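Undergrad:
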Amino acid sequence: MSDLTQAVEISGGIFALMMATQYGTRHFGWHKIAMPILAVSGFGYSYLKDAPTDHNSVALYLVGAAIGLVFGVLAYASTAMWADRTAGEIMTRCGGAFVAVWLVAMVARIGFVWAVSDIPTFQTWVGEHMMSMHLTTEAIAPFFVIWALTMVAVRVVGLVVRSRALRTQFDASRIAAVTSPMMSRTAG
Numbered sequence: 066m067s068d069l070t071q072a073v074e075i076s077g078g079i080f081a082l083m084m085a086t087q088y089g090t091r092h093f094g095w096h097k098i099a100m101p102i103l104a105v106s107g108f109g110y111s112y113l114k115d116a117p118t119d120h121n122s123v124a125l126y127l128v129g130a131a132i133g134l135v136f137g138v139l140a141y142a143s144t145a146m147w148a149d150r151t152a153g154e155i156m157t158r159c160g161g162a163f164v165a166v167w168l169v170a171m172v173a174r175i176g177f178v179w180a181v182s183d184i185p186t187f188q189t190w191v192g193e194h195m196m197s198m199h200l201t202t203e204a205i206a207p208f209f210v211i212w213a214l215t216m217v218a219v220r221v222v223g224l225v226v227r228s229r230a231l232r233t234q235f236d237a238s239r240i241a242a243v244t245s246p247m248m249s250r251t252a253g
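Oh and the sequence shown: position 73 is 138 in the working numbering, straight run, nothing missing.
In structure tokens:
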């Protein structure tokens, strides 16, 4: 399997999973937390278990994590979240902006691999930079996996924090609504 085919399958698979499980209006529960983390972690394990761990490769991975952080914040910001008071559930809505963030991330990954595979001048430029930084080609796939893992993790952590705050507000307003009528009857 070529690097480009592999990049399309992995990036496309992550994109398809995120769209199938997150796009639209959905109930936010543990399954929405566990599913993306477990799926991307499965990809992650297969690519990170044998990843080079020399100083330069680790520096490259940190760059991947930083890019993932930026995309994760954008994915988080493009996810609306609220407490549905009638159903008592936390809800999310992901629309066009969410799709755009994931699409740009996917196209960037695939575009890089395509350019390295099919554009000789870009291939030479990347090769020269990798040699000057003492990087091997084995560090490229882990770079992209760390980017994707970080992107998913940042979004999920942000949503968990926001859902807990919404749940606390929702529970407090329900308690206030229940105790308020009782207090007005006893005060008079």
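Backbone N, C-alpha and C fix where the C-beta goes; we use that ideal spot for every residue, glycine too.
In this text, all values refer to a predicted model and were calculated from it rather than measured experimentally.
Would you mind working out which of F177, A165, C159 sits nearest A145, comparing C-alpha positions?
TA: Residue C159 is the option with its Cα nearest to A145.
Undergrad: Between which two residues does the beta strand (DSSP E) containing E154 stretch?
TA: Taken as a continuous stretch (DSSP letters only), the beta strand (DSSP E) holding E154 covers 154-159.
Undergrad: Could you pull the start and end residues of the alpha helix (DSSP H) that H194 belongs to?
TA: First-last of the alpha helix (DSSP H) with H194: 185-197.
Undergrad: Mind checking who M146 pairs with in its DSSP beta bridge?
TA: DSSP, once it has assigned bridges, lists T157 as partnering M146.
Undergrad: Count the other CB atoms, across all protein chains shown, that sit within 10 Å of the CB of A170; report buried if there are 16 or more and exposed otherwise.
TA: When all chains shown are included, A170 counts as buried.
Undergrad: Below 9 angstroms between beta carbons: does that hold for A72 and F209?
TA: A contact, by the Cβ cut-off of 9 angstroms.
Undergrad: Do P207 and Y110 have their beta-carbon atoms positioned less than 9 angstroms apart in this structure?
TA: Result no, Cβ atoms of Y110 and P207 do not sit closer than 9 angstroms.
Undergrad: Could you have a look at G133 and say whether DSSP puts it in helix, strand or coil?
TA: If DSSP states are grouped into helix, strand and coil, G133 belongs with the helices.
Undergrad: Please work out which residues of its chain come closer than 7 angstroms, Cβ to Cβ, to H92, disregarding the five sequence neighbours upstream and downstream, and give them in chain order.
TA: E154, M156, listed in sequence order.
Undergrad: So G89 is in the beta strand (DSSP E); what residue range does that whole segment cover?
TA: Residues 89-92.
Undergrad: Can you list the beta strand (DSSP E) stretches of 3 or more residues lying completely in the segment 72-124, in chain order?
TA: Qualifying beta strand (DSSP E) stretches, in chain order: 89-92.
Undergrad: Just tell me which of G78, T90, M216 has its CA closest to the CA of A148.
TA: Ranking G78, T90, M216 by Cα distance to A148 puts T90 first.
Undergrad: Taking contact to mean at least 3 C-beta pairs separated by less than 8 angstroms, is the segment 210-220 in contact with the segment 125-144?
TA: Yes: the two stretches touch, three or more of their Cβ pairs being nearer than 8 angstroms.
Undergrad: Can you tell me whether L139 is helix, strand or coil according to DSSP?
TA: Helix at L139.
Undergrad: Tell whether a beta-carbon distance below 9 angstroms holds between P101 and M84.
TA: Taking 9 angstroms as the Cβ cut-off, P101 and M84 do not qualify as a contacting pair.
Undergrad: Could you tell me the alpha carbon to alpha carbon distance between S143 and W179, rounded to whole angstroms?
TA: Between S143 and W179, the C-alpha separation is close to 28 angstroms.
Undergrad: Leaving out five residues on either side along the sequence, give the residues of the same chain with a beta carbon under 6 angstroms from the beta carbon of A116.
TA: Taken in chain order, the residues that qualify are P207.
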